[in-house]
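Have a look at the structure below before the remarks.
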Amino acid sequence: KFLKPGVIHHTIFDRIARETRKFQLTLAFVDQRPSQIDEEVYSQIANTFVMHMIDDKDIKRVVQTLPDSKKWRSVISGLQKRHCFVRGDAVAVPSIIEVLDYKDEVNLRNKLGIGKTLSETLKKIEKSDVTKLEDD
């Protein structure tokens, strides 16, 4: 595991994780065990997306910096299918979001407001009331 403590410092991922903001980069980690991610790397994570978890150590790591962490622990352990706990710069307050079901393409297109074809979608965009920003 490349993010395991003791291993991370011998890889390029250590530097990338610490210095992404300098280069205006976004780095995404996907891990089923956040409790095993190195502390220094974890402290650099700007946003966390969490699906259902049951391991207490993993939940504790996710909620450790949140006020009222006991409440959030129970929320995370009770998340339903296709629901996600989000915290960080991406949201004003820690939130629960529903992840769209990508299996049903027609339903997905309707929810996203896009047409059946690219030309249909472009026509819809052209008709919309989008205000264009002008250069100063």
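In terms of full-length UniProt numbering, the sequence shown opens at residue 1 and continues consecutively. Even glycine gets a Cβ: it sits at the ideal position worked out from N, Cα and C. Note that the structure is a prediction, hence the values are computed from the model and not measured.
Distance, Cα to Cα, residue i vs residue j?
i           : j           : result
residue 77  : residue 51  : 9 angstroms
residue 134 : residue 119 : With a pLDDT of only 37 at residue 134, under 50, the local geometry of the prediction cannot be trusted, and no value is derived from it.
residue 72  : residue 46  : 18 angstroms
residue 81  : residue 20  : 32 angstroms
Under 8 angstroms Cβ to Cβ from residue i, same chain only, skipping five residues before and after it: list those, please.
i          : result
residue 49 : 84, 85 and 86
residue 75 : 85 and 96
DSSP puts residue i in a beta bridge; with which residues?
i          : result
residue 87 : 48
Going by Cα to Cα distance, which pick from the options is closest to residue i?
i          : options              : result
residue 93 : 33, 67 and 23        : 67
residue 64 : 42, 82 and 79        : 42
residue 59 : 32, 111, 100 and 117 : 32
residue 40 : 62, 14 and 54        : 14
Which same chain residues, not among the five before or five after residue i, have their C-beta less than 6 angstroms away from its C-beta?
i          : result
residue 57 : 35
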